[in-house]
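Q: Residue numbers (our numbering), protein chains in the order written: chain A, 1 to 297; chain B, 298 to 594.
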DNA sequence: GCGCTCCATACCTCCAGAGATATCAGGTCA
DNA sequence: TGACCTGATATCTCTGGAGGTATGGAGCGC
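1. Under 8 Å between C-beta atoms, does residue 531 (chain B) make it to chain A?
2. Does any CB atom of chain A fall closer than 8 Å to the CB of residue 376 (chain B)?
3. Which residue from B:557, B:402, B:570 and B:447 puts its Cα closest to that of residue 480 (chain B)?
4. Can you list, in chain order, the residues of the stretch 1-12 of chain A whose Cβ is nearer than 7 Å to any Cβ on chain B?
5. If you follow the alpha helix (DSSP H) that residue 338 (chain B) is in, where does it begin and where does it stop?
6. Within 8 Å of any Cβ in chain A, is that where the Cβ of residue 584 (chain B) sits?
7. What does residue 203 (chain A) touch in chain B if you count any residue whose Cβ is under 8 Å from its own?
8. By Cβ distance below 8 Å, which residues in the same chain neighbour residue 243 (chain A) in space, the five residues on each side in sequence not counted?
9. What are the partner residues of residue 278 (chain A), as DSSP defines its beta bridges?
10. Got a sec: which bits of the stretch 24-48 of chain A sit with their beta carbon under 7 Å from any beta carbon on chain B, in order along the chain?
11. Check whether the stretch 71-79 of chain A touches the stretch 363-376 of chain B, counting contact only when three or more Cβ pairs, one atom from each stretch, lie closer than 8 Å.
12. Find the residues of chain B that neighbour residue 91 (chain A), judging by a C-beta separation of less than 7 Å, and give them in chain order.
13. For residue 365 (chain B) and chain A, any beta-carbon pair shorter than 8 Å?
14. Over what stretch of residues does the beta strand (DSSP E) that includes residue 98 (chain A) continue unbroken?
15. What residue from B:341, B:321 and B:342 has the CA that sits closest to residue 332 (chain B)'s CA?
16. May I ask you to report which of helix, strand or coil DSSP gives residue 289 (chain B)?
17. With 16 other CB atoms within 10 Å as the buried threshold, where does residue 472 (chain B) fall?
18. Would you call residue 178 (chain A) buried or exposed, if buried means 16 or more other Cβ atoms sit within 10 Å of its Cβ?
19. Which residue comes first and which comes last in the beta strand (DSSP E) that contains residue 558 (chain B)?
20. Can you find at least 3 beta carbon pairs, one from the stretch 141-158 of chain A and one from the stretch 204-211 of chain A, that sit closer than 8 Å?
21. Would you check if the stretch 99-114 of chain A and the stretch 122-142 of chain A touch, i.e. whether three or more CB-CB distances between them fall below 8 Å?
22. Return helix, strand or coil for residue 523 (chain B), following the three-state DSSP convention.
23. Label residue 221 (chain A) either buried or exposed according to how many other C-beta atoms from any shown protein chain fall within 10 Å of its C-beta, with 16 as the threshold for buried.
24. Using the three-state DSSP reduction, which class does residue 351 (chain B) fall into: helix, strand or coil?
25. In chain A, which residues lie with their C-beta within 9 Å of the C-beta of residue 393 (chain B)?
26. Cβ of residue 125 (chain A) less than 8 Å from any chain B Cβ?
27. Is the Cβ-Cβ distance between residue 488 (chain B) and residue 478 (chain B) less than 8 Å?
28. Any contact of the stretch 108-120 of chain A with the stretch 246-254 of chain A, i.e. 3+ C-beta pairs under 8 Å?
29. Counting pairs of beta carbons, one from the stretch 38-49 of chain A and one from the stretch 330-347 of chain B, are three or more of them closer than 8 Å?
30. Answer yes or no: does any C-beta atom of chain A fall closer than 8 Å to that of residue 313 (chain B)?
31. Output, in chain order, the set of chain A residues within a Cβ distance shorter than 9 Å of residue 554 (chain B).
32. I need the straight-line Cα distance from residue 350 (chain B) to residue 323 (chain B), nearest angstrom please.
33. Which residue spans inside the stretch 155-224 of chain A form an unbroken alpha helix (DSSP H) run of at least 4?
34. Is there at least one non-hydrogen atom of the ligand SAM closer than 7 Å to the beta-carbon of residue 301 (chain B)?
35. If distances are taken between C-alpha atoms only, which option among B:560, B:380, B:317 and B:415 comes closest to residue 356 (chain B)?
36. Closer than 7 Å by beta-carbon distance: list the chain A residues that pair up with residue 385 (chain B), in chain order.
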């Protein structure tokens with residue numbers, strides 16, 4: 001890459017003159033007087049070392065050398081204006097790419113609305129959406145493998161990562177339709193003490209897992225886990241088969257399954273928080289934009 | 298085409314720094330001190346409106362905006378250096394295109410050597426070679442359809458067209474091998490008075506035609522034309538069949554045909570000139586180069 | 001011949017940018 | 001803690017280019 005020899009303003013003048021083939025008109029299009037244009041062209045020709053235009057009285061025409069230079073000059077100019085526009089779009093956060101990790105349970109609740117409004121506000125932004133459980137999201141944020149995390153029960157005091165609560169959901173009891181408690185409108189957690197539980201594995205999201213088991217111990221028992229499943233969809237299916245019951249964020253009511261009943265619980269104060277997470281020091285304007293779209297806190 | 302916003306020197310510095318990712322090294326590669334480089338980058342970032350590099354202590358890295366701008370800057374710079382080189386090559390006559398018209402009878406004599414030496418001197422020049430008789434060559438020169446003509450018996454006083462003699466050939470008599478005169482080493486033109494002639498049509502090259510008939514009238518007779526043919530090759534073939542005799546430039550001896558004899562003529566002073574023709578005012582350096590390669594005069 | 005068009009030339013102003021040196025500030029490492 | 005690396009900042013000089021106005025000079029049409 002050698003040092004550039006031809007100044008851009010001269011090349012711009014060259015391209016315009018090549019289009020107009022008339023010094024007066026070209027100068028007008030450039031918004032300058034005619035003599036400066038003559039000078040620009042002359043300087044450019046001096047640098048190139050050869051005439052770029054033939055000036056026979058009455059007609060200006062490109063020389064062979066000019067014809068050779070013209071496409072290169074055109075490409076360079078358009079490349080630069082396009083590149084500049086793209087860089088500005090990305091720099092200002094009107095374009096670019098944002099990598100989002102989300103917990104599976106949010107695929108049916110907060111995620112769709114969020115994506116819809118963000119996409120209509122920033123249509124030029126490419127969104128990379130990947131399902132991840134909580135712990136990998138935190139790791140991916142540290143590794144800069146994702147820019148945004150959407151998770152439940154944000155861990156306290158994670159260094160360099162910031163959280164903002166987006167949604168606070170009550171819990172519901174997930175019961176087989178045939179379960180005796182399904183007859184009640186509301187279920188006391190303590191009433192679940194004798195039923196086996198179907199839960200997500202703790203590793204998938206320690207925060208939520210501990211929250212659920214915490215609710216049980218608060219109610220005076222330790223839940224007996226009959227089965228683990230990695231998706232809420234599966235949890236519901238297993239509950240339907242009568243394998244056990246579960247406690248889940250209210251959002252999973254959207255999973256409609258015939259043999260499964262969802263019932264509010266008492267005490268109703270038990271809630272689970274959905275949070276958005278990001279690197280505190282991330283300069284990416286898209287992160288700020290996304291935070292503005294989710295609102296919350 | 299809008300006015301360019303980003304000066305090339307800054308883009309150059311940007312590209313080099315993007316490659317080195319180290320201000321000191323990049324400055325060294327640019328042959329300047331480090332502070333000016335910091336300034337250049339800063340100015341560029343100010344224009345773009347966004348940071349192009351992230352300077353965390355210990356490591357310099359491109360930002361998303363910088364990654365967006367980099368390929369455009371690279372392309373623009375290489376386009377310009379390439380375009381400049383091409384324009385200079387064409388301007389100086391080291392490259393480009395030259396259109397040459399030539400008389401068919403020269404395809405076997407002056408043309409091959411001329412093309413060979415020109416091509417080895419200017420390998421980047423594309424040669425457009427087309428066969429044309431004399432009159433169309435002159436017209437094509439005026440119309441700028443060709444840049445160089447190679448013809449016989451250049452017309453005197455053609456305005457704006459210059460000629461230079463490349464070769465002066467004697468005439469030879471073209472005889473059927475069985476012709477009585479084929480027994481002589483040299484033939485007097487007058488001896489051909491009773492034989493019918495095979496000639497090129499006058500329109501193909503009035504100069505040469507008039508020259509040949511002039512030789513005959515000088516020898517005291519008017520040639521009787523038995524047949525016209527548009528190529529010397531055909532002339533020879535017709536002579537071989539015994540249809541007549543001919544007078545031709547010595548160069549056609551290269552056409553080896555069993556039944557045809559070539560004999561020198563008396564007086565031996567009769568010669569035909571091959572000339573190169575060009576537009577007197579042609580600024581194309583390739584024309585000058587070609588004239589230099591043919592030499593002559 | 002006169003005026004018009006069109007480009008070139010001459011000459012001036014002005015400023016942005018490229019370059020320098022000197023110095024400072026934040027990290028890293030021994 | 002001090003030496004060192006790395007990049008930023010401050011300040012100065014100087015030049016080249018971009019722009020202007022005024023004018024010259026070659027063709028062309030009437």
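Glycine included, C-beta positions come from ideal geometry on N, C-alpha and C.
A: To lay it out plainly:
1. Along the second chain, read from residue 1 onward, the residue named residue 531 (chain B) stands at position 234. False, the Cβ-Cβ gap to chain A never drops below 8 Å.
2. Along the second chain, read from residue 1 onward, the residue named residue 376 (chain B) stands at position 79. At least one chain A Cβ lies under 8 Å of residue 376 (chain B).
3. Your numbering for residue 480 (chain B) matches position 183 in the second chain. The residue with the shortest Cα to Cα distance from residue 480 (chain B) is B:557.
4. 1, 2, 3, 4, 5, 6, 7, 8, 9 and 12
5. Taking the second chain and counting its residues from 1, one reaches residue 338 (chain B) at position 41. It spans 331-345 - the alpha helix (DSSP H) in which residue 338 (chain B) sits, taken as one unbroken run.
6. As a first step, residue 584 (chain B) is located in the second chain; it is residue number 287 there, counting from the start. False, the Cβ-Cβ gap to chain A never drops below 8 Å.
7. Here the question's residue 203 (chain A) lines up with position 203 in the first chain. Neighbours of residue 203 (chain A) on chain B: none; closest Cβ ~33 Å, over 8 Å.
8. Within the first chain, residue 243 (chain A) is the residue found at index 243, counting from 1. Excluding sequence neighbours, residue 243 (chain A) sits near 196, 198, 226 and 227.
9. Here residue 278 (chain A) is taken as the residue at index 278 of the first chain, counted from 1. Its beta-bridge partners are A:148 and A:162.
10. 48
11. yes
12. As a first step, residue 91 (chain A) must be located in the first chain, where it is residue number 91. Residues of chain B passing the Cβ test: 345, 346, 347 and 362.
13. Reading the second chain from its first residue, position 68 is the one you call residue 365 (chain B). Judged by the 8 Å Cβ criterion, residue 365 (chain B) is in contact with chain A.
14. Numbered from its first residue, the first chain carries residue 98 (chain A) at position 98. Run containing residue 98 (chain A): 95-102, per the beta strand (DSSP E) assignment.
15. Here residue 332 (chain B) corresponds to residue number 35 of the second chain, with the count starting at 1. If we check each option's Cα against that of residue 332 (chain B), B:321 comes out closest.
16. In the structure as shown, chain B starts at 298 and stops at 594, and residue 289 (chain B) therefore has no counterpart that could be examined.
17. To locate residue 472 (chain B), count along the second chain from 1; it is residue 175. Burial call: buried.
18. Stepping through the first chain from its first residue, residue 178 (chain A) is reached at position 178. Exposed.
19. Walking along the second chain from the start, residue 558 (chain B) turns up at place 261. Segment 557-563, the beta strand (DSSP E) holding residue 558 (chain B).
20. yes
21. yes
22. Residue 523 (chain B) sits at position 226 when you count from the first residue of the second chain. Here residue 523 (chain B) sits in strand by DSSP.
23. Counting from one through the first chain, the residue named residue 221 (chain A) turns up at place 221. Label assigned to residue 221 (chain A): exposed.
24. The sequence position of residue 351 (chain B) within the second chain is 54, counting from 1. Reduced to three states, the DSSP call for residue 351 (chain B) is strand.
25. In the second chain, the residue the question calls residue 393 (chain B) occupies position 96. Those are 64, 65 and 68, listed as they occur along chain A.
26. Position 125 of the first chain, counting from 1, holds the residue named residue 125 (chain A). Judged by the 8 Å Cβ criterion, residue 125 (chain A) is not in contact with chain B.
27. If you number the second chain from 1, residue 488 (chain B) lands on position 191. If you number the second chain from 1, residue 478 (chain B) lands on position 181. Yes, these two residues count as a Cβ contact at 8 Å.
28. yes
29. no
30. Your numbering for residue 313 (chain B) matches position 16 in the second chain. So yes, residue 313 (chain B) belongs to the interface.
31. Counting from 1 along the second chain, the entry for residue 554 (chain B) is found at position 257. What residue 554 (chain B) touches in chain A: nothing, since even the nearest Cβ is about 44 Å away.
32. Counting from one through the second chain, the residue named residue 350 (chain B) turns up at place 53. Counting from one through the second chain, the residue named residue 323 (chain B) turns up at place 26. Cα-Cα distance, rounded: 13 Å.
33. 206-218
34. The ligand SAM is not part of the structure shown, which contains no ligands of any sort.
35. On the second chain, position 59 is the one that residue 356 (chain B) refers to. For residue 356 (chain B), the nearest C-alpha among the options comes from B:317.
36. In the second chain, the residue the question calls residue 385 (chain B) occupies position 88. Within chain A, the residues near residue 385 (chain B) are 48, 49 and 50.
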